[in-house]
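For what it's worth, the numbering used here labels the leading residue of the sequence shown as 25, then goes sequentially. For every residue, glycine included, the Cβ atom is placed at its ideal position computed from N, Cα and C. Below is one structure, written out as structure tokens, with a few remarks after it.
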Amino acid sequence: MAPPSLKICCIGAGYVGGPTMAMIALKCPDVEVNVVDISKARIAAWNSDNLPIYEPGLSEVVEACRGRNLFFSTDVERLVADCDVVFVSVNTPTKTTGLGAGKAADLTYWESAARMIATVSKSDKIVVEKSTVPVKTAEAIEKVLSHNAKGIKFQILSNPEFLAEGTAIQDLAFPDRVLIGGRDTEGGQKAVNTLKSVYARWVPEDKIITTGLWSAELSKLAANAILAQRISSVNAISALCESTGADVSEVAFAIGKDTRIGPKFLQSSVGFGGSCFQKDILNLVYICECNGLSEVAHYWKQVVAINDYQKSRFAKRVISSMFNTVAGKKIAILGFAFKKDTGDTRETPAIDVCHGLLGDRAVLTIFDPQVPEEQIRRDLSMNKFEWDHPHQLHSHGGSVTSKIEYATDVYEACKGAHGICILTEWEMFRNLDYQRIYDNMQKPAFLFDGRNIVKVADMRKMGFIVYSIGKPL
Ligand code: NAD
Ligand code: UGA
25 MAPPSLKICC IGAGYVGGPT MAMIALKCPD VEVNVVDISK ARIAAWNSDN
75 LPIYEPGLSE VVEACRGRNL FFSTDVERLV ADCDVVFVSV NTPTKTTGLG
125 AGKAADLTYW ESAARMIATV SKSDKIVVEK STVPVKTAEA IEKVLSHNAK
175 GIKFQILSNP EFLAEGTAIQ DLAFPDRVLI GGRDTEGGQK AVNTLKSVYA
225 RWVPEDKIIT TGLWSAELSK LAANAILAQR ISSVNAISAL CESTGADVSE
275 VAFAIGKDTR IGPKFLQSSV GFGGSCFQKD ILNLVYICEC NGLSEVAHYW
325 KQVVAINDYQ KSRFAKRVIS SMFNTVAGKK IAILGFAFKK DTGDTRETPA
375 IDVCHGLLGD RAVLTIFDPQ VPEEQIRRDL SMNKFEWDHP HQLHSHGGSV
425 TSKIEYATDV YEACKGAHGI CILTEWEMFR NLDYQRIYDN MQKPAFLFDG
475 RNIVKVADMR KMGFIVYSIG KPL
């Protein structure tokens with residue numbers, strides 16, 4: 025077999041590293057792609073039939089390439105030393121302690137990866153920022169690399185990832201754009217072209233955008249902030265709809281018809297979740313504050329504030345509708361993942377809603393087709409921001425989680441319940457036998473739809489008392 029035309033190593037086998045590298049391996053059979061991670065369990069799962077993340081279409085791509093030109097390994101240092109291009113796709117969570125705690129990005133994992141690259145490298149390399157990082161991170165990384173370089177040349181590129189979970193394979197196969205930022209030097213542009221040639225195997229040239237490093241880094245934070253802003257905007261309008269009798273779905277449809285606005289990301293909900301929107305906006309807020317731009321910081325902070333408001337508004341609505349108390353009442357939680365088609369629960373609105381209901385002493389029965397029981401229990405026993413800092417978890421013991429039951433069947437979850445909360449828009453929740461559910465519930469039977477997926481009029485006809493976000497009560 026001919027030697028590979030290029031050797032790539034990706035540090036971090038997570039939601040981004042795994043699928044992104046699998047797609048490169050699929051589209052570039054002549055490129056050798058190694059994905060490495062410090063987590064032995066994660067790598068073992070990537071090498072098994074039970075991949076560590078649920079993502080439609082992912083297992084087919086991995087199966088097509090694994091063992092051919094796609095490899096998963098914990099042999100981090102050897103594979104980094106041996107490659108031409110290192111992608112760094114480690115987690116960049118919100119800091120929980122110290123300067124900027126609760127806002128700034130924690131670059132501990134990134135810095136330790138950079139130090140390791142500098143230590144083990146014996147040949148020139150292109151280092152690609154795949155993780156979402158604060159603007160100007162490449163400057164800091166360059167310092168770490170060049171101070172330990174022993175004459176080796178490193179070119180840093182920013183190549184942020186725009187995939188969304190649940191549609192990662194589709195997003196990677198047909199991206200709206202690929203963004204590559206590099207230094208405006210001969211070496212910088214050569215590195216940009218090397219990376220461009222990888223993506224150009226399947227992405228049309230006009231969709232591969234090249235910019236300076238700082239624009240690429242900031243574009244990623246700005247894109248997430250503006251996407252989240254749309255959701256907070258429509259969610260803010262949903263509260264006004266409920267007070268006035270307007271219907272948020274009709275309003276969103278009408279405004280989305282304006283081609284300058286467009287229809288996407290106007291779906292009102294119980295709030296946005298996921299590992300990145302909140303983290304990246306808070307990071308943007310912190311960067312603005314550090315640059316003395318307090319008005320700009322305040323502006324973006326409101327996107328997160330409205331999201332928190334939406335989540336607590338939902339929990340309060342449940343409690344107030346059920347005669348101002350849910351103490352001892354069984355409430356079925358349908359869906360715990362932060363969106364459909366993923367088992368990911370990072371920053372899922374379900375955590376805040378469940379905490380709100382548990383605070384009023386409800387008894388919860390939780391069902392999600394993809395999220396395992398241990399994960400739900402762990403999520404509900406953690407403090408804010410702890411979820412992505414595995415080394416500093418403090419469990420709060422059984423007091424909270426003892427009021428939680430886990431159901432493997434959606435009808436069992438709803439049996440005997442006083443109320444149901446739909447918190448994830450799984451397709452299966454659209455087509456449930458709601459009559460059967462209603463018949464087996466306590467009366468009056470309440471239905472709180474945090475994703476606007478049920479047909480309110482039909483449910484009301486059945487006898488449910490229904491609350492749907494932004495709909496007439
Ligand atoms: P993740 O937590 O799923 O994966 C990160 C992996 O990096 C973990 O498996 C961890 O063990 C590993 N790791 C950490 N330090 C390491 C080290 N020094 N050496 C080797 N491995 C190490 O995170 P993710 O969701 O894949 O996100 C990664 C980055 O991509 C973040 O910056 C995130 O903001 C960004 N991003 C995420 C998404 C998404 O949908 N999840 C989309 C676009 C961008
Ligand atoms: C988001 C972005 O869409 C990606 O482009 C980006 O790469 C990624 O963040 C990242 O940087 O991590 P993701 O969080 O995986 O992707 O999923 P989204 O589809 O954006 O959904 C985020 C949250 O917003 C979910 O809770 C979803 O239910 C909610 N949402 C989305 C709404 O409430 N309404 C909408 O109209 C759209």
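Have a look at A437 and P76 and give me their C-alpha separation to the nearest angstrom. As a first step, residue 437 must be located in the sequence shown, where it is residue number 413. As a first step, residue 76 must be located in the sequence shown, where it is residue number 52. Roughly 26 Å separates the two Cα atoms.
Would you decide whether P393 is buried or exposed? Buried here means 16 or more other CB atoms lie within 10 Å of its CB. Counting from 1 along the sequence shown, the entry for residue 393 is found at position 369. Classification of P393: buried, given that the 10 Å Cβ count is 16 or more.
Could you tell me the boundaries of the beta strand (DSSP E) in which G205 lies? Mapped onto the sequence shown, residue 205 falls at position 181. Taken as a continuous stretch (DSSP letters only), the beta strand (DSSP E) holding G205 covers 202-205.
Beta-carbon contacts of G422 that lie in its chain and below 8 Å, excluding the five residues immediately before and after: By one-based count along the sequence shown, residue 422 stands at place 398. In this prediction, G422 has a pLDDT of 49, which is less than 50 and means its spatial position is unreliable; nothing more can be read from the coordinates.
List the residues that DSSP assigns as beta-bridge partners of T389. For the purposes of this step, residue 389 is taken as the residue at position 365 of the sequence shown. DSSP output for T389 lists A356, E429 as bridge partner(s).
Contiguous alpha helix (DSSP H) assignments of at least 4 residues, all confined to the region 445-489: 458-463, 480-486
Rounded C-beta distance between I461 and Y435? I'm assuming under 8 Å. What you label residue 461 is simply residue 437 of the sequence shown in a count that begins at 1. What you label residue 435 is simply residue 411 of the sequence shown in a count that begins at 1. So it is a contact: roughly 7 Å between Cβ atoms.
How would you call H418, buried or exposed, if buried means at least 16 neighbouring beta carbons within 10 angstroms? By 1-based counting over the sequence shown, the position of residue 418 is 394. Confidence in H418 is poor, its pLDDT being 46 and thus under 50, which makes the residue's placement too unreliable to answer from.
Status (buried if at least 16 other CB within 10 Å, exposed otherwise) for H442: Residue 442 sits at position 418 when you count from the first residue of the sequence shown. It is buried - the Cβ of H442 has at least 16 other Cβ atoms within 10 Å.
Report the residue from K154, Y133, K174, A162 whose alpha carbon sits nearest the alpha carbon of V144. The residue given as residue 144 occupies position 120 in the sequence shown. That would be K174, whose Cα lies nearest to the Cα of V144.
Taking Cβ positions, are Q334 and G295 nearer each other than 7 Å? Sequence index remark: in the sequence shown, residue 334 carries index 310 (1-based). Sequence index remark: in the sequence shown, residue 295 carries index 271 (1-based). Cβ atoms of Q334 and G295: closer than 7 Å.
Determine the burial state of E189: buried for a count of at least 16 other Cβ atoms within 10 Å of its Cβ, exposed for fewer. Looking up residue 189 in the sequence shown gives position 165. Buried: at least 16 other Cβ atoms inside 10 Å.
What residue range does the alpha helix (DSSP H) around I233 cover? The residue given as residue 233 occupies position 209 in the sequence shown. No alpha helix (DSSP H) contains I233, which is instead part of the beta strand (DSSP E) from 232-235.
Could you tell me if F347 is buried or exposed, where buried requires 16 or more neighbouring beta carbons within 10 angstroms of its beta carbon? Mapped onto the sequence shown, residue 347 falls at position 323. By the 10 Å Cβ count, F347 comes out exposed.
Can you grab the Cα-Cα spacing for the pair T98 / A49, in whole Å? By 1-based counting over the sequence shown, the position of residue 98 is 74. By 1-based counting over the sequence shown, the position of residue 49 is 25. Approximately 18 Å, taken between the alpha carbons.
So, A197 versus G206, is the Cβ gap smaller than 7 Å? Here residue 197 refers to the residue found at position 173 of the sequence shown. Here residue 206 refers to the residue found at position 182 of the sequence shown. For A197 and G206, no; Cβs fall outside 7 Å.
Thinking C-beta only, is Y133 closer than 7 Å to G367? What you label residue 367 is simply residue 343 of the sequence shown in a count that begins at 1. What you label residue 133 is simply residue 109 of the sequence shown in a count that begins at 1. Against a cut-off of 7 Å, the Cβ pair of Y133 and G367 comes out as no contact.
Status (buried if at least 16 other CB within 10 Å, exposed otherwise) for F488: Taking the sequence shown and counting its residues from 1, one reaches residue 488 at position 464. By the 10 Å Cβ count, F488 comes out buried.
In DSSP terms, what N248 is bridged to: On the sequence shown, residue 248 is found 224 positions in, with the first residue counted as 1. Bridge partners of N248: none, in fact.
Residue of M47, V40, R454, R475 minimising C-alpha distance to K154: Counting from 1 along the sequence shown, the entry for residue 154 is found at position 130. The candidate whose alpha carbon is nearest that of K154 is V40.
Let me confirm a value: R225 is counted as buried when at least 16 other C-beta atoms fall within 10 Å, else exposed. Which label applies? Taking the sequence shown and counting its residues from 1, one reaches residue 225 at position 201. The residue is exposed, with fewer than 16 neighbouring Cβ atoms inside 10 Å.
As a quick exercise: from S256, I311, I279, L317, pick the residue whose alpha carbon is nearest that of D332. Here residue 332 refers to the residue found at position 308 when the sequence shown is read from its first residue. Taking only the C-alpha atoms, the option nearest D332 is S256.
Enumerate in chain order the residues of its own chain whose CB-to-CB distance from S83 is below 7 Å, with the five nearest sequence positions on each side excluded. In the sequence shown, the residue the question calls residue 83 occupies position 59. Closer than 7 Å at Cβ, skipping near neighbours: L75.
Taking three-plus beta-carbon pairs below 8 Å as touching, is the region 375-391 in contact with the region 300-314? no
In whole angstroms, give me the CA-to-CA distance for M486 and I493. Translated into the one-based positions of the sequence shown, residue 486 becomes position 462. Translated into the one-based positions of the sequence shown, residue 493 becomes position 469. Those two C-alpha atoms are separated by around 19 Å.
Which residues does DSSP list as the beta-bridge partners of Y491? Translated into the one-based positions of the sequence shown, residue 491 becomes position 467. In DSSP, Y491 forms a bridge with F472.
In angstroms, rounded to a whole number, what distance separates the CA positions of I165 and F111? Translated into positions along the sequence shown, residue 165 becomes position 141. Translated into positions along the sequence shown, residue 111 becomes position 87. Cα to Cα, I165 sits roughly 13 Å from F111.
Short CB-CB distance (under 7 Å) between V114 and chain C: Among the chains of the structure shown, chain C does not appear; only one protein chain is present.
Determine, using beta-carbon pairs with one atom in the region 178-186 and one in the region 52-70, whether at least three such pairs fall under 8 Å. no
My output table needs one value for V151: the three-state DSSP class, helix, strand or coil. Position 127 of the sequence shown, counted from the start, is the residue given in the question as residue 151. Residue state, collapsed to three classes: strand.
Contact set for V480: own chain, Cβ-Cβ below 8 Å, skip 5 residues either direction: On the sequence shown, residue 480 is found 456 positions in, with the first residue counted as 1. D473, V490, S492, K495.
For V342 and L317, believed in contact at Cβ under 8 Å, the rounded distance: Numbered from its first residue, the sequence shown carries residue 317 at position 293. Numbered from its first residue, the sequence shown carries residue 342 at position 318. Between V342 and L317 the Cβ distance is about 38 Å, and since that is not below 8 Å, they are no contact.
Just the C-alpha distance for G42 and A192, rounded to the nearest angstrom, thanks. Residue mapping note: residue 42 aligns to position 18 of the sequence shown, counting from 1. Residue mapping note: residue 192 aligns to position 168 of the sequence shown, counting from 1. Their backbone Cα atoms lie some 10 Å apart in a straight line.
In the DSSP output, what is R90 paired with across the bridge? Mapped onto the sequence shown, residue 90 falls at position 66. Paired residues: L94.
Using a threshold of 7 Å, state whether the C-beta atoms of T156 and K244 are closer than that. Counting from 1 along the sequence shown, the entry for residue 156 is found at position 132. Counting from 1 along the sequence shown, the entry for residue 244 is found at position 220. Yes; because the gap between Cβ atoms is below 7 Å, this pair is in contact.
In the DSSP assignment, find the beta strand (DSSP E) that holds S182 and state where it starts and stops. The count along the sequence shown starts at 1 and reaches residue 182 at position 158. S182 -> beta strand (DSSP E) spans 178-182.
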